[in-house]
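Quick note: the sequence shown uses the numbering used here, first residue 30, plus one each step. One structure below.
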Amino acid sequence: MNQQKNLTPNVPLPMPSAPLFQVLRRAYGYLRPYWKKTAGAYIALFAVLGFNTLIPQFIRWIIDNGIAGKQMSVLTWSVLALLAMTIIKGALNYFVGLLSETASQNVAFDLRNDIQRKLTQLSFSFHDQSETGELLSRAVQDVERVRFLTGRATLRIAEGVLLLLITSIVLLVMDFKLGLLTLLTMPALVYQAMRFGSRFRPLSLQVQKQLAALTTAVEQNLRGSRVVKAFAQEKAEIERFGITNNIWLQLSNQAARMQAFNVPMLFLIANLGMAIIIFYGGSQYMEGIISMGTIVAFVSYVGNLIEPVRRLGMIIPAIAIAGAASERIFDVLDFSSQVRDEPGAKAIKKVNVRVRFEHVSFHYGRNQILKDVSFDVQPGQVVALLGLTGSGKSSIVNLIPRFYDPSAGRILVDEMDIRAMTLKSLRRQIGIVLQETTLFAATIRENIAFGNEKATDEEVIAAASAAQAHEFIMQTPQGYQTRIGERGVTLSGGQKQRIAIARAILMNPRILILDDATASVDTATEQLIHQALTRLIQGRTTFVIAHRLSTVRHADLILVLEGGTIAARGTHEELLRSSSTYRAIYNQQLKKQEETG
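What follows is the structure in structure tokens.
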């Protein structure tokens, strides 16, 4: 079993540190379910190598017996046989590519599924500290490098090494002196290939990274097109993109120059070997020591080596890069989520719901956010959380569904520690409207039914109506089947908020968490939403991060937070009489609403 690594807030993703062999062995382990395809690919490869060894020998025999012997029938049937061998070799190469690529694509499929599953399960603290682009790089580029490693790369290394070894033996057996002279160019051929690969691979990675930067620049300009135009920054953005594009052009030109130099250099070295074969072999032929077929076979063998050796030089440096990519992937897969189901956790079906905080403290990294917070909420009560920014309001509502776990103390629902409940069953009891509304690039119906995909159309419409969203939805081009843009960009802030509220309503939760749920709607819409919520909160325990007077007035309990502690608690009227902190917040933030309302 792999040792798991813990990730805490403010702790970056670890750098690769495991031995390369260990990482590669684990990466190759993903081929285990597809061992039949992998084995088939290598069997076909060995057969191809057999033909690569056999065909030059057969050509040698044709020349020495069919052509030199002036036997037309032998020449005719030999050429037909050679053609058949070539066709069979081509078919085998097809199966080599098909089977190896199928197996490696399945490896990539499994890795991406594992990464997606892990990222979905990891706690909020992981995502708080991780960069989206970094995670995307691991899920896309790094997985592709592992796919290349487990498929074509390893196959080509085996092909190159075996072909070089077999060819060397065959050449020496055919004619030791000529073979030895021919092999004198092999070290130079291998050196040039390896030198090119070691220099070209990092450069090609730079090209790919710069291409990713270009893609990011285009994406940001598309997403922020309104802001760019609003601030008249079109020219600046064009110039900025031009700089990025120019860097890519320079790197691409450098890569093109390297390739333009390398291929002729490899052929030059190979041709030196062929020149030796023709010169020395020709003199040997004229003296009657070797046959013409032997010379042609030597030339064929050397020609067969050029491409595998060239690929070998590019692939071997890629192994180290693929090893680093593998470890970057496994670093994510090995993270142990801070919030997870505890051993023996029970699935709860329905709660009443009473919520109690007992001496709860919460640290985020080195910062203490909540200090010894205790309160008791009875079933069906509405709790308003009030306080300045950073006072701990969001931390309280994030602890209830276990987005984070408290550093000390415990949270109970119906006298049961929420850590004794399975995460899925706990969160099924909770409907949440987050401060930043998140909608998906899908239909309005799919966004509302996100937490309850089995909901009927009637239930979706009822939830939308309760959230005062049905009317504007019906005014869209296709009603509930209207697709909204990425992150709901085609909707107004109030419309997005009402769809998010409808999504929470449709879950029929026992606990409602409204994190500034009406902050993005106008006064008229807010009143309609509150009318609907007044009916919906019956029998449910509701936590509201309050910024409006109407919210705190109707709350059964107001918790006034200051510096991570509860500075005061009570109803609106009670706190006006007893709490100077509440009166200060009321006078600064809420009284104007009363005067203008």
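The C-beta atom is built at its ideal place from N, Cα and C for all residues, glycine as well. Remember, it's a predicted structure, so these values are computed and weren't measured experimentally.
What residue range is occupied by the uninterrupted beta strand (DSSP E) comprising residue i?
i: residue 400; result: 396-406
i: residue 314; result: From DSSP, residue 314 is part of no beta strand (DSSP E) but of the alpha helix (DSSP H) over 263-315.
Let's see if you can read the secondary structure: which residues bound the alpha helix (DSSP H) around residue i?
i: residue 195; result: 183-203
i: residue 82; result: 64-90
i: residue 179; result: Neither: residue 179 is in no alpha helix (DSSP H) and is coded neither H nor E.
i: residue 610; result: 609-614
i: residue 144; result: 101-150
i: residue 452; result: 452-457
i: residue 381; result: That residue, residue 381, is in no alpha helix (DSSP H); it is neither H nor E in DSSP.
i: residue 425; result: 422-428
Hey, would you say the C-beta of residue i is under 7 angstroms away from at least one heavy atom of the ligand ADP?
i: residue 567; result: Looking at this structure, you won't find the ligand ADP or any other ligand, since it has none at all.
Which residue or residues does DSSP assign as beta-bridge partners of residue i?
i: residue 439; result: 387
i: residue 599; result: 587
i: residue 416; result: 590
i: residue 570; result: 540
i: residue 411; result: 571
i: residue 22; result: As displayed, the chain neither begins before 30 nor continues past 626, which places residue 22 out of reach and without an answer.
i: residue 445; result: 442
i: residue 258; result: None; residue 258 has no bridge partner.
i: residue 634; result: Because the chain spans 30 through 626 in this model, residue 634 falls outside it and cannot be assessed.
Can you check which of these residues, the options, is closest to residue i by C-alpha distance?
i: residue 117; options: 78, 96, 131 and 99; result: 78
i: residue 580; options: 150, 335, 447 and 410; result: 410
i: residue 352; options: 439, 204 and 182; result: 182
i: residue 66; options: 250, 184, 98 and 86; result: 184
i: residue 126; options: 141, 180 and 85; result: 180
i: residue 85; options: 149, 321, 171 and 232; result: 321
i: residue 122; options: 95, 256 and 75; result: 75
i: residue 129; options: 83, 348, 612 and 73; result: 73
i: residue 327; options: 299, 315, 348 and 263; result: 299
i: residue 296; options: 311, 569, 81 and 335; result: 335
i: residue 450; options: 371, 64 and 200; result: 371
i: residue 146; options: 428, 511, 361 and 616; result: 361
i: residue 279; options: 187, 257 and 239; result: 239
i: residue 492; options: 68, 460 and 258; result: 460
i: residue 608; options: 275, 416, 486 and 141; result: 416
i: residue 502; options: 61, 484, 472 and 482; result: 472
i: residue 168; options: 186, 482, 588 and 144; result: 144
i: residue 543; options: 262, 569, 266 and 520; result: 569
i: residue 592; options: 338, 312 and 392; result: 392
i: residue 553; options: 496, 594 and 378; result: 496
i: residue 93; options: 259, 194, 319 and 247; result: 319
i: residue 218; options: 331, 400, 172 and 266; result: 331
i: residue 588; options: 142, 412 and 379; result: 412
i: residue 63; options: 456, 165, 131 and 484; result: 131
i: residue 225; options: 251, 347 and 311; result: 347
i: residue 254; options: 266, 243 and 244; result: 266
i: residue 231; options: 251, 453 and 287; result: 287
i: residue 455; options: 124, 369 and 498; result: 369
i: residue 519; options: 468, 390, 500 and 281; result: 468
Item to complete: Let me know the alpha helix (DSSP H) ranges lying completely inside the stretch 460-530, each 4 residues or longer, listed in chain order.
Response: 473-477, 486-495 and 499-503
Worksheet item: Hey, is the stretch 134-150 in contact with the stretch 95-113, meaning 3+ C-beta pairs nearer than 8 angstroms?
Response: no
Discussion item. For the stretch 384-393 against the stretch 425-444, do three or more pairs of beta-carbon atoms, one drawn from each stretch, fall closer than 8 angstroms, so that the two count as touching?
Written reply: yes
Discussion item. Would you call the stretch 397-404 in contact with the stretch 356-367, where contact means no fewer than 3 C-beta pairs closer than 8 angstroms?
Written reply: no
Worksheet item: Can you find at least 3 beta carbon pairs, one from the stretch 472-486 and one from the stretch 522-542, that sit closer than 8 angstroms?
Response: yes
Worksheet item: So does the stretch 408-428 actually touch the stretch 326-342, counting three or more Cβ pairs closer than 8 angstroms?
Response: no
Fill in: Cβ contact (3+ pairs, closer than 8 angstroms) linking the stretch 206-214 and the stretch 298-309
yes
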